[in-house]
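Working notes, beginning with the structure itself.
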């Protein structure tokens with residue numbers, strides 16, 4: 064099984080709308096996090112030999128790793144974390160960004176993480192590392208050759 | 040002590056977070072501020088503010104009087120022999136760096152050693168590493184026991200060759216809540232010819248500190264954990280040591296005269312206070328000390344001991360939860376891990392219920408490695424913490440536990 068996340072939604076914007084819909088089912092953040100943790104558990108297994116410093120996304124409180132590959136003009140992403148909620152957030156992020164073209168990634172602002180109340184601030188590297196991962200995905204996509 | 044009256048003095052405690060009543064259990068990182076501190080700083084800005092030690096005008100003289108009044112209050116708080124032994128710094132980190140620079144490079148000789156413990160904050164590790172690398176000083180680390188206490192036998196053994204010129208050790212661990220036996224540490228250090236510095240950042244918030252009774256040589260703390268403002272900390276040191284130490288930073292207010300050929304230093308403590316100091320913050324710190332005195336350390340210690348006992352007993356009842364450290368003499372800082380849950384997960388879920396705890400390595404990476412942990416969650420208590428808040432924490436942790444069971 065490939066560690067890279069295959070896109071379920073036709074576009075990044077559809078993925079964000081889908082996530083917003085699914086999260087809105089719950090009235091309570093405890094339930095929402097239960098759902099997010101479940102998404103993390105369903106991530107494709109991340110190869111153990113990738114869980115190293117060269118795959119590490121710098122963050123403060125938990126560890127996040129990722130890998131990217133270009134196939135047929137699309138950027139495929141794999142990711143993992145040692146914390147359960149962060150793994151779930153990684154899953155959400157990869158649902159939005161994995162399998163998209165560099166142009167679509169560039170056009171998809173990670174501000175949706177803040178809009179959906181998933182993180183408090185996009186500017187900080189401390190916290191859960193998810194904002195840093197979103198930035199890194201967009202940096203990687205920016206240097207990939209267009210199809 | 041009337042807890043409701045005390046809580047009424049902290050406006051922030053009425054805030055809601057994410058629609059829930061704030062339960063602030065992160066006072067060991069930085070404490071909330073009582074009305075007296077807020078008002079004192081606002082009053083100074085509105086009515087009585089100018090630079091200190093400079094102007095021959097009413098505003099400057101009155102402000103200087105307030106600034107120096109804080110020095111008197113600190114001297115009394117610590118039972119210092121002499122107000123000139125109190126030096127203002129930016130925080131505890133600034134105070135330790137001052138000692139590492141002025142005492143470390145100025146007095147210690149290459150080949151001597153500095154002895155710290157295995158449960159120090161980075162601020163009491165890194166300045167000594169920098170001293171080691173710049174000045175040929177050996178850095179020694181006294182181990183801790185599995186209970187999270189200083190290993191006194193190993194500590195004494197590290198002093199035995201009399202190479203240690205300075206022992207620099209926490210008075211209360213910011214991770215384990217352990218109080219170190221400061222008077223015994225000082226007696227041992229002195230018996231082997233070493234001076235001793237205590238990092239009182241945590242301890243002074245909870246216990247009456249008497250630098251003479253401890254027989255300390257240096258004692259440092261920071262204002263913002265003591266219900267005061269950020270940006271102001273204190274180095275207390277014996278007068279003879281401060282007199283022997285060269286200044287750390289050069290600039291205004293620390294000189295008696297300056298020419299291009301040479302400058303001469305101002306009297307203590309101004310020799311160590313270069314530049315315009317934290318004037319408003321000193322006024323806020325004085326108000327914080329006044330607040331502490333109005334409650335009284337005996338009442339504070341009794342309340343916090345009761346909170347700590349309650350927390351340890353509630354947390355012990357949660358399956359899969361492991362409290363880190365079981366020192367005999369401990370205070371209201373409780374670190375814990377939960378089976379199957381990352382500290383980050385715990386803190387995130389608690390936060391959604393309005394409960395603020397810290398998660399991570401607590402600026403003490405070597406201690407975390409010694410404990411074999413990546414991170415812990417940490418609840419810490421203050422004067423305003425209630426038993427109900429601890430029950431809310433415990434009840435919520437039981438819910439969190441269900442996530443990961």
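Protein chains in written order, with the numbering used here: chain A, 64 to 210; chain B, 40 to 444.
Here a beta-carbon is modelled for each residue, glycine too, at the ideal position from N, C-alpha and C.
Source: prediction; values computed, not measured.
Given residue i as reference, the closest of the options once Cα atoms are compared
i	options	result
residue 106(B)	298(B), 75(B), 265(B), 315(B)	315(B)
residue 120(B)	86(B), 186(B), 275(B)	275(B)
residue 320(B)	124(B), 51(B), 130(B)	130(B)
residue 427(B)	362(B), 347(B), 411(B), 415(B)	347(B)
residue 272(B)	137(B), 230(B), 157(B), 66(B)	137(B)
residue 284(B)	139(B), 158(B), 77(B)	139(B)
residue 134(B)	259(B), 219(B), 437(B)	259(B)
residue 204(B)	155(B), 234(B), 193(B), 374(B)	234(B)
residue 447(B)	365(B), 333(B), 180(B), 325(B)	There is no way to answer for residue 447(B), as the model of chain B reaches only from 40 to 444.
residue 93(B)	408(B), 318(B), 236(B), 384(B)	318(B)
residue 92(A)	70(B), 57(B), 74(B), 84(B)	57(B)
residue 195(B)	185(B), 220(B), 175(B)	220(B)
residue 312(B)	301(B), 303(B), 327(B), 294(B)	294(B)
residue 85(A)	171(A), 99(A), 75(A)	99(A)
residue 175(B)	155(B), 378(B), 64(B), 151(B)	151(B)
residue 33(B)	192(B), 155(B), 193(B)	A query on residue 33(B) cannot be resolved here, the shown segment of chain B reaching from 40 to 444 and no further.
residue 245(B)	41(B), 144(B), 331(B)	331(B)
residue 251(B)	290(B), 225(B), 47(B)	225(B)
residue 149(B)	192(B), 170(B), 166(B)	170(B)
residue 52(B)	422(B), 438(B), 430(B)	422(B)
Rounded straight-line distance, which links the Cα of residue j to that of residue i
i	j	result
residue 445(B)	residue 81(B)	Because residue 445(B) is not part of the residues shown, which for chain B are 40 to 444, the question remains open.
residue 142(A)	residue 105(A)	12 Å
residue 440(B)	residue 353(B)	14 Å
residue 182(B)	residue 54(B)	42 Å
residue 418(B)	residue 148(A)	20 Å
residue 177(B)	residue 142(B)	15 Å
residue 116(A)	residue 401(B)	21 Å
residue 306(B)	residue 420(B)	40 Å
residue 232(B)	residue 198(B)	9 Å
residue 359(B)	residue 350(B)	16 Å
residue 135(A)	residue 166(A)	14 Å
residue 86(B)	residue 45(B)	27 Å
residue 255(B)	residue 384(B)	41 Å
residue 84(B)	residue 158(B)	40 Å
residue 254(A)	residue 434(B)	Look at the range of chain A in this structure, 64 to 210, and you will see that residue 254(A) is not part of it.
residue 80(A)	residue 102(A)	16 Å
residue 292(B)	residue 333(B)	33 Å
residue 72(B)	residue 49(B)	6 Å
residue 280(B)	residue 266(B)	29 Å
residue 172(A)	residue 155(A)	14 Å
residue 68(B)	residue 397(B)	8 Å
residue 436(B)	residue 389(B)	8 Å
residue 125(A)	residue 387(B)	12 Å
residue 392(B)	residue 63(B)	11 Å
Beta carbon of residue i nearer than 9 Å to that of residue j
i	j	result
residue 132(A)	residue 169(A)	no
residue 128(A)	residue 120(A)	yes
residue 370(B)	residue 343(B)	yes
residue 193(A)	residue 179(A)	no
residue 109(B)	residue 243(B)	no
residue 455(B)	residue 132(B)	Outside the shown range of chain B (40 to 444) lies residue 455(B), about which nothing can therefore be said.
residue 210(B)	residue 248(B)	yes
residue 298(B)	residue 257(B)	no
residue 160(B)	residue 66(B)	no
residue 214(B)	residue 407(B)	yes
residue 380(B)	residue 443(B)	yes
residue 198(A)	residue 164(A)	no
residue 68(A)	residue 140(A)	yes
residue 374(B)	residue 341(B)	no
residue 432(B)	residue 376(B)	no
residue 159(A)	residue 75(A)	yes
* To do: Quick one: which residues of the segment 91-123 of chain A get their C-beta closer than 9 Å to a C-beta of chain B? List them in chain order.
  => 91, 92, 93, 95, 96, 97, 100, 123
* In chain order, what residues of the segment 145-179 of chain A put their CB closer than 7 Å to some CB of chain B? -> 145, 146, 147, 148, 149
* Residues, ordered as in the chain, of the segment 360-388 of chain B that lie near chain A by beta-carbon distance below 9 Å -> 379, 380, 381, 382, 383, 384, 386, 387, 388
* Any chance you could list the alpha helix (DSSP H) runs of at least 4 consecutive residues sitting entirely within the segment 96-137 of chain B, in chain order? => 97-117
* To do: At 4 residues or longer, and completely inside the segment 178-265 of chain B: list those alpha helix (DSSP H) runs for me, N to C.
  => 191-198, 221-230, 242-245, 250-253
* Asked: Which runs of the alpha helix (DSSP H) fall wholly inside the segment 297-381 of chain B and span at least 4 residues, in chain order?
  -> 318-334, 336-355
* Uninterrupted beta strand (DSSP E) stretches inside the segment 401-427 of chain B (no shorter than 3 residues) -> 415-419
* Asked: Given a limit of 7 Å on CB to CB distance, which residues of the segment 416-431 of chain B reach chain A?
  -> none
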